[in-house]
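Count the sequence shown with numbering that gives the first Met the number 0 and you get residues 0 to 136, in order.
All C-beta atoms in this analysis are idealised placements derived from N, C-alpha and C, irrespective of residue type, glycine included.
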Amino acid sequence: MNVVKFTVDPVIEQNSIFIKNMGLSSLYLKNDKENPWFILVPRKAGAIEIVDLNHEEQSILMEEVTIISEFLKSHYRPHKLNIGSLGNIVQQLHLHVIARYPTDRAWPGPIWGSPTTQEFDSNEIENLKSNFFEFIE
0 MNVVKFTVDP
10 VIEQNSIFIK
20 NMGLSSLYLK
30 NDKENPWFIL
40 VPRKAGAIEI
50 VDLNHEEQSI
60 LMEEVTIISE
70 FLKSHYRPHK
80 LNIGSLGNIV
90 QQLHLHVIAR
100 YPTDRAWPGP
110 IWGSPTTQEF
120 DSNEIENLKS
130 NFFEFIE
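#1: Okay, do the segment 5 to 15 and the segment 27 to 43 touch, 3+ Cβ pairs below 8 Å being the bar?
#2: Using DSSP's beta-bridge definition, name the partner residues of Tyr100.
#3: Any chance the segment 19 to 32 sits against the segment 52 to 64, with 3 or more Cβ pairs inside 8 Å?
#4: Whose CA, out of Lys72, Ile47, Arg42, His54, lies closest to the CA of Phe134?
#5: The ligand MG and Asn14: does any heavy atom of the ligand fall closer than 7 Å to the residue's C-beta?
#6: From Leu85 to Gln91, what distance separates their C-alpha atoms?
#7: List, from N- to C-terminal side, the beta strand (DSSP E) runs of 3 residues or more that fit wholly inside the segment 33 to 73.
#8: Could you tell me the boundaries of the beta strand (DSSP E) in which Ser25 lies?
Following this line, the structure appears as structure tokens:
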């Protein structure tokens, strides 16, 4: 029997910062200060589409999306939240939750493929993590 072990796609690991493991997903922060942007990666080996999760896992994933969305709304006050699962470059199932503003570099168009011009510094990342951990407690 060939058992597939869960690993996070190297592209996600290279282009984002690990925050924590949630109930189902590993949570990452894309280093984009202009548009705070989280990525949820369900820890289920071989999952490519949301339908690859069972109903309970789908519910947990939506709860995690809600937590991230509420955090972004309360701490960054976006004009709009974009939530998406494209998978055109990274096929592994992952969801993006992105804070959007009329002043951001891609507004009103899609943010996908628009490179960031402002990254968080290490103190800002630690502060964001601290705020997030306080928020979810």
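Let me spell this out:
#1: yes
#2: Working through the sequence shown from its first residue, we reach residue 100 at position 101. BP columns for Tyr100 are empty, so no partner.
#3: yes
#4: In the sequence shown, residue 134 corresponds to position 135, counting from 1. Measuring from the Cα of Phe134, the nearest candidate turns out to be Lys72.
#5: Absent from the structure shown: the ligand MG. Ligands present: none.
#6: If you number the sequence shown from 1, residue 85 lands on position 86. If you number the sequence shown from 1, residue 91 lands on position 92. One C-alpha to the other measures close to 10 Å.
#7: 36 to 41
#8: As a first step, residue 25 must be located in the sequence shown, where it is residue number 26. Ser25 -> beta strand (DSSP E) spans 24 to 29.
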